[in-house]
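Trainee: This structure is in structure tokens; I'll ask about it shortly.
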Amino acid sequence: MAEFGSRAWRVRGMAGLLALAVAFALLGRADAQAQDGAPVVEVKKVVVPNTWAKLASRGVRVKASCSLDCVLVVKVRVSKRVASRLGLASRLIGSGAAGAKADRARWVVVPVNRKAGERLRQYQGPGRLQIKITALP
235 MAEFGSRAWR VRGMAGLLAL AVAFALLGRA DAQAQDGAPV VEVKKVVVPN TWAKLASRGV
295 RVKASCSLDC VLVVKVRVSK RVASRLGLAS RLIGSGAAGA KADRARWVVV PVNRKAGERL
355 RQYQGPGRLQ IKITALP
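Under my numbering, the sequence shown has 303 at position 69, and the numbering climbs by one with no breaks.
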């Protein structure tokens with residue numbers, strides 16, 4: 235299993251606007267070489283809605299590719315603080331997967347699960363998202 239990494243986004247303010255602090259070092263090819271034939275993930279684009287309500291209805295989209303044929307798995311989590319404020323049992327609010335051919339970019343759509351979506355629609359506070367991208371051979 236090759237793991238590309240995680241990114242955290244901070245959502246601030248009553249309007250729930252999303253301030254993206256994109257680390258460009260995470261975009262593009264991972265510096266670490268593939269070990270034991272594990273695929274290397276290249277993230278092309280990450281689309282995150284700018285409010286909690288839009289996140290609940292649209293989800294997160296990630297465009298990525300692998301160095302080998304693989305399955306791209308994307309998991310979206312909220313911070314512990316947001317999860318407890320929403321009364322969620324798990325920080326994981328959505329996951330998605332898509333098969334990708336070698337060096338061909340593919341969109342992975344991560345819908346928000348029903349219970350989290352219902353509660354996120356009314357949430358107006360600040361919080362963080364963590365997006366984890368993994369490639370399975």
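Yeah, the Cβ is synthetic: ideal placement off N, Cα and C, and Gly gets one too.
Report the residue from Pro-273, Lys-278, Gly-271 and Val-274 whose alpha carbon sits nearest the alpha carbon of Ala-339.
Mentor: It is Lys-278 whose Cα lies nearest to the Cα of Ala-339.
Trainee: Can you list, in chain order, the residues of its chain whose CB lies under 8 Å from that of Lys-314, leaving out five sequence neighbours each side?
Mentor: For Lys-314, where only same-chain residues beyond five positions count, the Cβ hits under 8 Å are Arg-325.
Trainee: Thinking C-beta only, is Gly-328 closer than 8 Å to Ala-359?
Mentor: Ala is not the amino acid found at residue 359; the sequence shown has Gly there. No. Outside cutoff.
Trainee: Candidates Leu-289, Lys-366, Gly-271 and Ser-291: which alpha carbon is nearest Ala-331's?
Mentor: Closest option to Ala-331, Cα to Cα, is Lys-366.
Trainee: Could you pull the DSSP bridge partners for Gly-293 from this structure?
Mentor: Beta-bridge pairing links Gly-293 to no other residue.
Trainee: Go ahead and label Gln-356 buried or exposed: buried means 16 or more other beta carbons lie within 10 angstroms of its beta carbon, across all protein chains shown.
Mentor: Answer is exposed; the Cβ neighbour count stays below 16.
Trainee: Which residue wins for smallest C-alpha separation from Cys-300, given the options Val-316, Ala-350 and Pro-273?
Mentor: For Cys-300, the nearest C-alpha among the options comes from Pro-273.
Trainee: Span of the beta strand (DSSP E) holding Lys-316?
Mentor: What sits at residue 316 in the sequence shown is Val, not Lys. Looking at the DSSP string, Val-316 is not in any beta strand (DSSP E); the run it does join, the alpha helix (DSSP H), is 314–320.
Trainee: Contact check, Leu-320 vs Arg-353 under 8 Å by CB: the rounded distance?
Mentor: Leu-320 to Arg-353, Cβ: 4 Å. Contact.
Trainee: Hey, quick one: how far does the alpha helix (DSSP H) through Gly-351 stretch, first residue to last?
Mentor: Counting along the chain, the alpha helix (DSSP H) containing Gly-351 begins and ends at 348–356.
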